[in-house]
Amino acid sequence: MEQVLYSLPDGWEWQELADVVVKTENLNPLKHADQLWTYIDISSVDRDRFAVTDPKEILGKDAPSRAKKHVQLNDVIFATTRPNLKNIALVRDEYSSPVASTGFCVLRANKKVLPAYLFYFVTTDFVQAQIEPYVGGASYPAITDGNLKKAPIPIPSIEEQNRIVEKLDALLTRIDTAIEHLQESVTLADALSKNGLSEIFESLKDRYEVVPLSSVVKINSGIALPKLFKNGFSDGDIPFFKVAQMNNHHENMVKPEITFNETVAKEHKIKLFPKGSTLIPKRGGAILTNKKRMLLEDASYDSNIMGLKADESKISDEYLFAFMRTIDLANFVDASTIPQVNNKHIDQMQIPLASIEEQADVVSRVNLLVKKVETMNSEIQRQLDDLQALKSSILDSAFKGEL
8 MEQVLYSLPD GWEWQELADV VVKTENLNPL KHADQLWTYI DISSVDRDRF
58 AVTDPKEILG KDAPSRAKKH VQLNDVIFAT TRPNLKNIAL VRDEYSSPVA
108 STGFCVLRAN KKVLPAYLFY FVTTDFVQAQ IEPYVGGASY PAITDGNLKK
158 APIPIPSIEE QNRIVEKLDA LLTRIDTAIE HLQESVTLAD ALSKNGLSEI
208 FESLKDRYEV VPLSSVVKIN SGIALPKLFK NGFSDGDIPF FKVAQMNNHH
258 ENMVKPEITF NETVAKEHKI KLFPKGSTLI PKRGGAILTN KKRMLLEDAS
308 YDSNIMGLKA DESKISDEYL FAFMRTIDLA NFVDASTIPQ VNNKHIDQMQ
358 IPLASIEEQA DVVSRVNLLV KKVETMNSEI QRQLDDLQAL KSSILDSAFK
408 GEL
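In the working numbering, the protein residues as written are 8 to 410.
The structure is reproduced here in structure tokens:
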């Protein structure tokens, strides 16, 4: 591959990663069945902090087949599968019998490069861009260790590397501290929002009857994906939504991948559900995301979604949606292998039957609170994005000899 590399200061030179690392070895914990091992898998690495945060202690006999790569203090581990290509860490602690997943490439620095210099470099956007052409495989996109090691790295003297590492340690530590504080602010804002919403509805319980949610809504579970839609379909303006389309920051169901028309609906007996319904995930890990979405038009949706339509003689659609904001679905799921929300769980949810006038006031108060928190979080996210951009800029400058 033809690589376009930038000019380096005098005394620096381009080399490949393969030139600055030593060969590492594989292990087989299964041969030491009763020995305690420290296993580092992909999920053990925090991709935002570039750190090993959750290594697991396991007996050799319980080791997964991917537990093969020997690692040691000051090794750099680089996840080689998408979407984990940013799961990178410097092993900063000495673990008892450490072994890493084969999903990592282990980069062990030789005498040409400092481990911390190597670590900082492979976290750069430059490296991601260099390896992108090598990421192959449609069903399991990944890069081989060999192709990763083809990535070019600028090498100055060890003294200059040490100076760069010291500067990066100082600057990036300050930025990471600021990022942690901002992330704590997001957590605090979300907690305040949750408490504020709960208080609004708790205050109603002293003045109004509290009834099972199931008594004031119609429960509409989704349908199996029609065979007609298996390979996609777009013919009309009636949406068909999948649970995956709840995985965004919109409060309404938008951007359907499948659309159909009334003729198709009649011919294939595709059930339509009413606009104004509040949709929630019905089964699987999506429940734990606690997403709720409003249906803005008559539509159909898959069997992993449950819709709740208000009995408008008792409560409004908007009041129902506001109430559902206070519900943590994880508290209601069956503790089975696959989390599920069923009709019985809707029975367990208790809603104050406020007057129609009071419901409108509640909706206004809830929307105002939600809007305030969204504005706060948007500003925090802007600051987080700015700090991440600053980190990238500092790293870029460092490896051009401009720091």
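Just so it is clear, CB atoms sit at the ideal spot from N, CA and C, and this is done for glycine as well. Quantities reported herein were computed from a predicted structural model and do not represent experimental measurements.
Item	Value
Would you be able to state if there are at least three C-beta pairs under 8 Å between the stretch 90 to 104 and the stretch 53 to 68?	yes
Could you compute how far the alpha carbon of residue 113 sits from the alpha carbon of residue 86?	9 Å
For residue 207 versus residue 332, is the C-beta spacing smaller than 7 Å?	no
For residue 336, which residues in the same chain have their Cβ closer than 8 Å to its Cβ, ignoring the five residues on either side in sequence?	287, 288, 294, 295, 297, 348
Can you confirm whether residue 278, when its beta carbon is compared against all beta carbons of chain D, has any partner nearer than 7 Å?	Protein chain content of the structure displayed is limited to a single chain, and chain D is not contained in it.
Can you check the stretch 336 to 392 for any beta strand (DSSP E) of at least 3 residues that lies completely inside it and give the ranges in chain order?	357 to 359
Identify the continuous alpha helix (DSSP H) that holds residue 465 and give its terminal residues.	The question about residue 465 has no answer, for the chain in this structure spans 8 to 410.
Taking only the alpha-carbon atoms, compute the straight-line gap between residue 405 and residue 32 and give it to the nearest angstrom.	31 Å
As an exercise, report each continuous beta strand (DSSP E) stretch of at least 3 residues that is fully enclosed by the stretch 312 to 337, in chain order.	312 to 317
Check this for me: beta carbons of residue 360 and residue 269, under 7 Å apart or not?	no
Do residue 226 and residue 350 have their beta-carbon atoms positioned less than 7 Å apart in this structure?	yes
Got a sec? Which residues, its chain only, sit under 8 Å from residue 27 by beta carbon, not counting five neighbours each side?	116, 117, 119, 120, 125, 160, 162
Would residue 301 and residue 254 qualify as a contact pair, given that the criterion is a beta-carbon distance under 7 Å?	no
Opposite residue 266 in the DSSP bridges: which residues?	241, 246
Kindly indicate the opening and closing residues of the alpha helix (DSSP H) around residue 209.	165 to 209
State the CB to CB distance for the pair residue 50 and residue 74, rounded to an integer number of angstroms; the pair is presumed to be in contact (CB under 8 Å).	Wrong, their Cβ atoms sit about 13 Å apart, outside the cutoff.
I'd like the span of the beta strand (DSSP E) that includes residue 106, first residue to last.	105 to 108
Just the Cα atoms here: how many angstroms apart are residue 190 and residue 158?	33 Å
Using alpha carbons as the reference points, say which of 67, 329, 187, 374 lies closest to residue 390.	187
Can you give me the C-alpha to C-alpha distance between residue 64 and residue 179, rounded to a whole angstrom?	30 Å
Buried or exposed: where does residue 8 fall if 16 or more other Cβ atoms within 10 Å of its Cβ makes it buried?	Interpretation of residue 8 is limited by its pLDDT of 43, a score under 50 that renders its predicted location unreliable; the figure taken from the coordinates is listed afterwards. With fewer than 16 other Cβ atoms within 10 Å, it is exposed.
Which residue or residues does DSSP assign as beta-bridge partners of residue 395?	Answer is none; residue 395 lacks a bridge partner.
Nearest to residue 290 by CA position, among 68, 250, 277, is which residue?	250
Do residue 224 and residue 317 have their C-beta atoms within less than 7 Å of each other?	yes
Do residue 356 and residue 220 count as a contact pair if the criterion is CB distance below 7 Å?	yes
Go through its chain and collect everything with a Cβ distance to residue 400's Cβ below 7 Å, but skip five positions before and after it.	none
When the Cα of residue 314 is compared with those of 370, 143, 248, which residue comes out closest?	248
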